[in-house]
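Read the structure below first, then the notes.
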Amino acid sequence: MHLLSKDASGNVSNLFDLTFTLDTVTTAPANLDLTATDDSGVDDSDNITNNSTPGITGNAEALSKVELLNNGVKIGEAEADSNGNWQITTNNLADGNYNITAIATDIAGNQNQSDVPLLLTIDTTAPLSPINLKLSPDSDSGINNSDNITNNNSPTITGNAEPLSTVRLLQNGELVGETTATDDGSWQIATNNLADGTYNFIAIATDIAGNTNNSPTSLQITVDTTQPTINFTTSIDTQPLIQGSKLTGNINGTGSDISTISYRFNDGAEITVPFDAAGAFDAQFDLTGLNNGAYTLTVTITDTAANVNTMTYNVTVGTVTSAYEITAALVNDTAPNNTTNTDGITSDATIAGNINNFSDSVRLRVGFGGIPVLDYVDVTEDISSEGNFNFNLSQLASINRASLEDGAYSLNLLLEDLQGNQLNTSTVNFTLDTSNPILALNTPLDSGEHSNRTRLIGNVSDTGSGLFDTSYRLDGQASSPLTINDRGRFDQPIVPTGLIDGSHNLALSVFDIAGNSTQTSANFTVSDDFIIGSTGTLGWGIKSNNTVILGEQNSFVTQTAIEIELGQNKGKRQLEFEIDAQFDTTDTNTA
């Protein structure tokens, strides 16, 4: 602009040039964005950060002042450079979502506000640890698809994490793979070419803001791609299979436990074989419904990782060519009165028997009931060439691995071929009782002087097989029975009509069911000097030295000796005795 002045007289000044700039508007800030270094996480352009004081960049009029606002509140300011670029580090921002705008003020004082806000998310919180780590169902092979045992050497591992977070899977500190969790938080990572063995994996999650959880979750898996093995301890294809033939041996999972072992003949039904924790099996073949002839035997073993080992054998099902029979019994099944019977109750445990068609191709193993078959004792060397055997008490104790006390026993005899196939069995059941019964005789007194109605009084008992017979003989005559009550006691006259005067011998015998016996005897005298009054015809008496015993039927007591001073004067005296009953304490008598 050119300026000059003119006064009232017409004088004109020199020309004056005025230069100025008219500025009534400024450019609005644009291109608001987080700096690439502050835009953390996998995406450096999503405006999500774990930096609570991030840097924000943009463009405005050169040299203008730029202020950052969040909902009208200033959170930082800076001056645009000569190219209009600016960068502002915000104040400390809490976690959350922000709507950031910018206002530019140029040097002319004109202001303009950005019309496109920056949507910013601050997230400084670490995500939760991944959870539910496991093999995917299609990778977890075997009958249990949740045991984390597999025969897949590149299995897939699955889990859950914060939605859209980055999950890294590591093994021994090395990265196996990484992926992004889906919107619902699920994820899966495939491993690659793992050798057989046990592996420990950890999963680490990093959210979209770049926060990482430092408490990883672990998972242990077992990779087993090796077939299980089997070792038979009996031959199954070198001789005919007969009733009693066995399938025995051991199995090994070679990496995981054994799941099943089974067999079938031709295309028949699978038959499961039981096995113990060590993998040992011992089972008889089930030949039900099979005719004699040739078959294909298929044995299949499967481990928990679903590895399968299948073996086939050509076998023949047949019958025993010669009948092996075992006969065995007690040699002396003792009974009362030195006789024998077949009740199996004995005082002599000796067992003898025979195996017909016995040869070097068979063996006999024996064991008592309760002993596992595997622990039976091989007694083949004790069998004669004719097949005869005899086991005395000492040998039976050796078989039992302990002495044979009185009691009930079952001796099992198992005849096998040399491959362990069962040919025949037999069992001898018996009860051993070697204890004598107990006999206690209270009257008559040995060497005593008795009235003619003296009674037999005493008791018997047996702790073993039970009482069988109790009897007595007087002076060598035929035996007479003793009547025993339910308490084992007896009380009866020796001779109901009375004994004759003179010396007598009484012999008593008691037998138990096993034939064990106890005998006792007494020599006594019947004297007419010992008189029982007429009012006591059922009474009886004994005197021995200075002892007098008086009694009535079914009541007996022995008294200690009592000294009685009769004086020197001749004449009759009346002696009074009080008798306490042995079996009936309410009875008394005087004489």
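Okay, so the sequence shown: first residue is 4 according to our numbering, each after it adds one. Backbone N, C-alpha and C define an ideal beta-carbon position, used for all residues, glycine too.
Based on the DSSP output, what are the partners of residue i in its beta bridges?
i      : result
Asn135 : Bridge partners of Asn135: none, in fact.
Gln242 : Gln242 pairs with nothing; no bridge assigned.
Ile516 : The partner list for Ile516 (beta bridge, DSSP) is empty, contrary to what the question assumes.
Pro484 : Ser474
Tyr101 : Leu123
Ser15  : The sequence shown places Val at residue 15, not Ser. Looking at the DSSP assignment, Val15 forms a beta bridge with Lys9.
Gly461 : Leu444 and Phe493
Gly75  : BP columns for Gly75 are empty, so no partner.
Ala164 : In DSSP, Ala164 forms no bridge with anything.
Val69  : Ala81 and Ala107
Leu250 : Ala286
Ile51  : Thr124
Thr92  : Gly58
Glu452 : Thr528 and Lys546
Leu36  : Here residue 36 turns out to be Asp, not Leu, going by the sequence shown. In the DSSP output, where bridge partners are listed per residue, Asp36 has Thr60.
Once you ignore the five residues that flank residue i on each side, which residues in its own chain have a CB closer than 8 Å to its CB?
i      : result
Gly282 : Asn253, Ile254, Asn255, Gly256 and Ile261
Pro166 : Ala184, Thr185, Asp186, Asp187 and Gly188
Asp289 : Ile274
Leu7   : Val15, Ser16, Asn17, Leu18 and Phe19
Thr38  : Pro57, Gly58, Ile59, Thr60 and Gln90
Gln114 : Thr29, Ile106, Ala107 and Thr108
Ala97  : Ser55 and Ile125
Pro120 : Leu35, Asn102, Ile103 and Thr104
Taking only the alpha-carbon atoms, compute the straight-line gap between residue i and residue j and give it to the nearest angstrom.
i      : j      : result
Ala405 : Leu293 : 43 Å
Thr182 : Gln174 : 15 Å
Asn424 : Asn391 : 21 Å
Thr52  : Leu35  : 15 Å
Glu408 : Ala352 : 11 Å
Thr241 : Phe514 : 57 Å
Arg476 : Asp378 : 52 Å
Leu72  : Ala105 : 6 Å
Gly373 : Ala400 : 15 Å
Ile152 : Ala308 : 5 Å
Ser12  : Ala111 : 40 Å
Leu421 : Arg366 : 7 Å
Pro375 : Arg368 : 12 Å
Asp118 : Ala31  : 8 Å
Lys137 : Gly162 : 7 Å
Thr236 : Tyr316 : 15 Å
Gly145 : Thr194 : 19 Å
Thr591 : Thr457 : Because the pLDDT at Thr591 is just 38, under 50, the model does not fix this residue reliably, and the value given afterwards should be weighed accordingly. Between Thr591 and Thr457, the C-alpha separation is close to 18 Å.
Leu470 : Thr343 : 16 Å
Thr128 : Asn154 : 40 Å
Asp143 : Arg171 : 21 Å
Ser259 : Gly247 : 32 Å
Ile318 : Pro158 : Correcting the residue type first, residue 318 is Val in the shown sequence and not Ile. Cα to Cα, the separation comes out at about 40 Å.
Asp270 : Asn427 : 29 Å
Please report the Cβ distance between residue i and residue j, rounded to the nearest whole angstrom; I am assuming they are in contact, meaning their Cβ atoms lie under 8 Å.
i      : j      : result
Lys68  : Thr108 : 5 Å
Asn95  : Ser55  : 5 Å
Leu485 : Ser468 : No, Leu485 and Ser468 are not in contact; Cβ-Cβ is about 19 Å, not under 8 Å.
Ile224 : Ile264 : Incorrect: roughly 25 Å between the Cβ atoms, too far for contact.
Ser547 : Leu448 : 5 Å
Phe278 : Tyr298 : At roughly 23 Å, the Cβ-Cβ gap does not stay under 8 Å, so Phe278 and Tyr298 are not in contact.
Ile358 : Ile386 : 7 Å
Ile160 : Gln191 : 7 Å
Phe433 : Thr345 : 11 Å between Cβ atoms; not a contact.
Asn50  : Leu122 : 6 Å
Gly44  : Gly180 : So it is not a contact: roughly 19 Å between Cβ atoms.
Excluding the five sequence neighbours on either side, which residues of its own chain have a C-beta within less than 6 Å of the C-beta of residue i, listed in chain order?
i      : result
Thr430 : Ser413 and Asn415
Asn508 : Asp478 and Asn526
Ala443 : Gly461 and Asn462
Leu197 : Asn156 and Val226
Asp531 : Asp504
Lys9   : Val15
Ala286 : Leu250 and Val276
Leu396 : Ala352
Beta carbon of residue i: closer than 7 Å to some heavy atom of the ligand SAM?
i      : result
Leu222 : The model on display carries no ligand, and the ligand SAM is accordingly not part of it.
Note down, in chain order, each residue of its chain lying with its Cβ closer than 7 Å to the Cβ of residue i, except the 5 sequence neighbours on either side.
i      : result
Ser512 : Ser474, Ser520 and Gln522
Pro140 : Asn148
Val380 : Arg368, Val369, Gly370 and Ile402
(message) Ignoring anything shorter than 3 residues, give me the beta strand (DSSP E) runs that lie fully in the region 365-441, in order along the chain.
(response) DSSP runs (the beta strand (DSSP E)) wholly in the region 365-441: 365-371, 391-394, 410-420 and 425-435.
(request) Within the region 301-350, note down every full beta strand (DSSP E) run reaching 3 residues or more, in order along the chain. (result) Whole beta strand (DSSP E) segments, 3+ residues: 311-320 and 329-333.
(request) Give, in chain order, every unbroken run of the beta strand (DSSP E) that is at least 3 residues long and sits entirely within the region 162-247. (result) Here the runs fully enclosed are 169-174, 177-183, 189-193, 200-209, 220-226 and 232-235.
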